Each structure stands twice: as structure tokens, then as C-alpha cells.
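2 protein chains.
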Amino acid sequence: MEAQTADVARKPARKQQQRSIVTQQKLLDAAIEAFSENGFKGTSTRDIAERAGVHHPLITYHFKNKEQLWREATDRIFREFNVSLVKAMDEIPDIDPKAKAETFVGTYLHYSRSQPALHRIILQEANCPSERLDWLVEHHLRPLYDEVHTAIAGMQQIGIVPAGSPALLFNMIRVCAGGLVALKLELKQTSDIDLDSDEQIAELADLIIRVFFPGEQPSLG
Amino acid sequence: MEAQTADVARKPARKQQQRSIVTQQKLLDAAIEAFSENGFKGTSTRDIAERAGVHHPLITYHFKNKEQLWREATDRIFREFNVSLVKAMDEIPDIDPKAKAETFVGTYLHYSRSQPALHRIILQEANCPSERLDWLVEHHLRPLYDEVHTAIAGMQQIGIVPAGSPALLFNMIRVCAGGLVALKLELKQTSDIDLDSDEQIAELADLIIRVFFPGEQPSLG
DNA sequence: GATACCACTGACCGATTGGAAAATAAAAAT
DNA sequence: ATTTTTATTTTCCAATCGGTCAGTGGTATC
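Protein chains in written order, with the numbering used here: chain A, 1 to 221; chain B, 222 to 442.
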């Protein structure tokens with residue numbers, strides 16, 4: 001039993017101070033950056049604290065330990081992405097699946113560009129089994145997959161998407177968007193592609209649509 | 222000036238012992254595994270030595286330092302891949318570009334499956350600028366890009382590959398193959414895809430061809 | 001078999017790691 | 001203004017880090 005006194009005698013719980021919120025935000029931002037660059041093992045809590053401009057024991061004060069900081073930082077990215085995805089998708093009528101697809105790809109690309117950690121964190125954790133990967137799959141990846149997966153299958157039936165495993169197709173689309181953005185430093189050096197520019201992101205979005213959704217939208221009438 | 226005595230008086234240089242070669246191989250294999258799982262910073266030389274079943278000072282004995290071990294391990298993967306790629310491509314006549322494409326994708330996929338580090342190492346280093354990334358680009362990534370890039374442009378002209386930036390298309394194909402294999406642990410959990418199985422690798426190969434090379438081969442007569 | 005070199009072992013170094021603990025400062029509640 | 005709680009700072013710890021080095025054992029050459 002925890003020492004949490006039940007309903008009765010609940011402490012008034014003094015409200016969290018503003019500076020504490022700021023510190024937490026700075027630490028979360030720094031953690032996202034550091035973890036996506038060097039992975040969980042490769043990132044030191046002192047490095048995170050330094051990027052945040054904060055003393056390192058504040059990490060254990062605000063987040064208990066490195067693992068928990070990772071979880072909350074990762075959670076923030078995926079929740080934020082989900083919010084912008086839902087907001088964008090809600091504006092497109094269900095009756096127009098191709099526009100839905102375009103919006104999904106566009107949102108994924110634009111969010112990835114502003115926050116490449118979205119894909120990088122996954123890649124960092126997918127290299128070997130871990131509790132972090134399990135957590136990531138259960139809380140964020142599987143829900144997204146389950147939703148988009150059926151949408152793709154539906155688009156195959158009306159001929160917008162080529163035949164084949166919808167699971168494979170979804171993940172191919174995903175890596176063409178997020179995976180390419182995650183590689184943007186390399187692409188700049190090998191292929192003269194600058195995925196920080198609006199034009200080239202738009203070009204990539206267009207290409208993904210043309211390659212993976214080549215079918216014409218059936219008449220809506 | 223180094224102490225290397227010029228032409229004259231070159232020491233007979235006793236030949237390398239067999240056990241030393243074995244040790245180096247074990248260290249290289251272990252290094253590839255460890256670096257691709259945890260990145261350069263996240264991997265300790267003691268971890269590598271332990272995976273290799275060897276005492277850790279042998280790393281500096283055989284490879285000078287961690288950085289050099291990374292270079293030689295990475296070099297081995299890419300050289301090995303290049304050998305199997307060239308061998309496979311040489312058997313296909315230049316006159317049949319679609320078969321060339323299929324062979325390229327197939328070889329990339331099969332090698333990636335046996336050695337997922339091929340793509341994982343790139344992903345580990347593409348997250349922030351480093352001398353290792355520069356080295357990787359210059360010695361292995363750019364040469365491959367330069368070669369395949371023009372082949373894709375050629376296939377676009379005869380209508381096999383959809384229009385669009387050949388640079389983007391090449392990299393999309395690359396991540397659909399290597400990037401998906403690098404994510405195979407995640408795909409098993411989210412999408413019930415097992416990229417260790419022959420069938421699903423073949424399915425992915427087929428899908429990549431159908432999506433990125435949808436055009437028919439023009440008559441050869 | 002003696003010798004010289006190669007491959008390996010064990011012990012050690014200063015620096016960095018994740019985390020705990022005590023002391024201090026700042027802010028809110030009374 | 002005093003008390004109480006929250007937030008931060010300073011200091012410290014055992015464990016691990018990359019790398020060095022002197023010494024030991026194994027192997028090929030003479």
C-alpha cells in the first residue's frame with residue numbers, strides 16, 4: 001500500500017511553480033535532441049542537462065531517472081504528432097480517400113521535418129529488443145498502424161493503391177517520408193537533396209503520392 | 222617523418238599468425254553487431270570484446286583505437302556488399318534494365334537481411350554531423366549513389382520508372398529495402414511482418430519492383 | 001634448442017557515467 | 001513575518017569508460 005491518504009485528508013497540494021515547468025520543458029527538448037542523435041545508451045544525463053542549460057541532478061528531481069525522462073520525452077513527440085495529424089485529417093471528408101492520403105503524407109512529412117526525432121527515436125530503439133521498444137510499440141506505433149493499415153486496404157479495393165500487403169505498403173510509405181527525413185544529413189552530402197527546404201519536401205510529398213497512390217479517385221457523384 | 226626505413230633495410234616482417242586473424246575477425250563481427258545496435262557513442266570497447274570472447278586491450282592492439290575499429294568494421298560490410306552486388310549485376314545484360322533493377326533490389330534486400338548493419342550503421346551516423354559520416358559518404362555512399370542514380374534516370378526515359386527526381390527515387394527505393402529491414406524488430410510487433418522469412422522478403426522485393434518500376438520493358442528486338 | 005618477434009594477459013590510469021544525499025535558495029501559504 | 005513546501009545547487013559515490021603499459025606465453029625463424 002502506498003502512503004497516499006485516501007479521499008479524506010488529501011493534502012491541498014501546493015501548485016507547481018512556473019520555473020519548474022520551464023525547466024522540465026527545457027530538459028524534455030534537450031532529451032529529444034540528444035536521444036535521437038546518440039540513442040539511449042549513447043546519451044549521458046549530463047549531456048542532456050548541459051544542452052538544457054541546467055544542473056544534471058535536476059533530471060532525477062523532475063523525472064526520477066534517465067529511463068523515465070526518455071519515456072516522457074518520447075511521449076511528448078508522439079502525442080504532439082498525433083494532435084497535428086488528427087487536426088489535419090479531420091478537415092478532410094471521409095468520402096475522399098485520396099485527399100486523406102495526401103494529407104497524411106503531408107502532415108507526416110512536415111512534422112518530421114520540424115521534429116526528425118519522430119522517426120529517429122524509433123530507429124534507435126528498433127535495433128535490438130528492449131522494454132523501451134515494447135513500450136513504444138504498444139503506446140504509439142501499433143495504434144497508428146492499426147488505423148492507417150485498414151485505410152490503405154480500403155484504397156486498394158477502389159484501385160488507388162497498388163495490390164500487395166497493406167502492412168508492407170504502409171511501412172514503405174512511412175520510411176519514404178520519415179526515413180528519408182531522418183537521413184537528411186546524408187542526403188545532403190550524397191544526393192544534393194535538402195529536405196530542410198520547402199520545395200524539396202513538397203517534391204517528395206508529390207512523389208510519394210504518385211508512386212504509392214497512382215490510381216485515380218473514382219467519381220464521387 | 223616516420224621511422225619507416227626506406228626501401229633498403231626493410232625488415233623481413235614475419236607473417237601474421239593465424240590466431241591473430243581469427244581474433245581480428247571475431248572483433249570485427251562483434252563490433253558490427255554492437256555498433257549497429259547502440260551506435261558509436263553507445264558502444265563500449267569492453268562490450269565489443271566481450272561479444273567477441275576476447276580481452277579488451279586486444280582492440281587497441283589490433284586496431285589502434287575504437288574509431289579505427291569502427292572504420293574497419295564498416296569498411297568490411299560495405300566492401301562485402303559491393304562484391305555481392307557486382308557479382309549479381311554482372312550476370313544481367315545491360316540491355317535489360319528492368320532485370321537490372323530487380324537484381325539490384327533483390328541483392329540489396331538479401332544482403333540487408335543477412336547483415337542489417339548495412340543500413341543501421343548509416344542511420345546511426347546520419348543523426349548528426351561527424352567525421353565518421355563524412356568518411357562513410359565519401360568512401361561508400363556517394364560512389365553507390367553516383368552509379369545507381371544515372372541508371373534510374375535512364376529507366377525514367379524509357380518509361381519504366383515514374384517521373385520525378387531520380388535522387389529522391391533512388392533513396393526512396395533504398396529505404397524501402399534497407400530501412401524496412403533495419404526496422405524488422407518493430408515490424409514484427411506492429412505489423413506482423415517477419416522479414417527474416419524468405420517469403421516475406423520476396424513479397425517485399427516484388428512490391429518494391431511493382432511500385433517503383435511499374436513500366437513495361439520495351440521490346441528488345 | 002636458442003632467439004626474436006608476435007599475440008595475449010592483468011593491472012592500472014584519469015575521465016566520465018547514473019544516481020543519491022545534504023545543504024541552500026526561492027516561492028507560496030499561513 | 002514566519003513557516004512550510006518546492007526548486008535548485010553543491011558535493012559525493014561506486015561503476016564504467018577509452019586507453020596505456022609492463023610482463024607473460026606462444027610461434028616462427030635461425
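Just so it is clear, CB atoms sit at the ideal spot from N, CA and C, and this is done for glycine as well. All values derive from a computational prediction rather than experimental measurement.
Taking the Cα positions, residue 156 of chain A is about 11 Å away from residue 98 of chain A. A residue is called buried when at least 16 other Cβ atoms come within 10 angstroms of its Cβ; residue 128 of chain A does not meet this threshold and is exposed. When C-beta atoms of the segment 242-258 of chain B are compared with those of the segment 267-285 of chain B, three or more pairs fall below 8 Å, so the two segments count as touching. Chain order gives the chain A residues near residue 413 of chain B as 167, where near means a beta carbon separation below 8 Å. Around the beta-carbon of residue 57 of chain A, fewer than 16 other beta-carbon atoms lie within 10 Å, marking it exposed.
Selection B/287, B/420, B/390 evaluated against residue 206 of chain A yields B/390 as nearest (Cα-Cα). Take residue 124 of chain A, set aside five residues on each side of it, and the residues of its chain with a beta-carbon closer than 6 Å to its own are 39, in chain order.
Residues of chain B whose Cβ lies closer than 8 Å to the Cβ of residue 212 of chain A are, in chain order, 432. Contact check for residue 339 of chain B against residue 347 of chain B fails: the beta carbons are separated by 8 Å or more. When only Cα atoms are considered, residue 75 of chain A and residue 34 of chain A end up about 15 Å apart. Neighbours of residue 343 of chain B in chain A, taken as residues at a C-beta separation under 9 Å, are given in chain order as 183, 186.
Distances from the CA of residue 177 of chain A to each of A/77, A/19, A/106 were compared; the closest alpha carbon is that of A/106. The DSSP-derived three-state label of residue 303 of chain B is helix.
Around the beta carbon of residue 61 of chain A, fewer than 16 other beta carbons sit within 10 angstroms, so the residue counts as exposed. Straight across, the Cα-Cα distance linking residue 419 of chain B with residue 331 of chain B is about 9 Å.
Per DSSP, reduced to three states, the secondary structure at residue 181 of chain A is helical. Within chain A, the residues 38, 42 have their CB atoms less than 7 Å from the CB of residue 262 of chain B, given in chain order. Shortest Cα-Cα distance from residue 280 of chain B to any of B/299, B/257, B/251 involves B/251.
Apart from sequence neighbours up to five positions away, the residues of its chain that approach residue 188 of chain A with a beta-carbon distance below 7 Å are 194, ordered along the chain. With contacts defined as CB atoms closer than 8 Å, residue 253 of chain B and residue 294 of chain B qualify as a contacting pair. Residue nearest to residue 393 of chain B within the set B/361, B/434, B/356, B/359 is B/434 (criterion: CA-CA distance). Take the alpha-carbon of residue 113 of chain A and the one of residue 179 of chain A: they are about 11 Å apart. By the criterion of a C-beta distance shorter than 6 Å, residue 140 of chain A is surrounded in its chain by 78, once the five residues flanking it on both sides are discounted. Scanning chain A for C-beta atoms nearer than 8 Å to the C-beta of residue 392 of chain B yields 180, 183, 187, 191, 193, reported in chain order.
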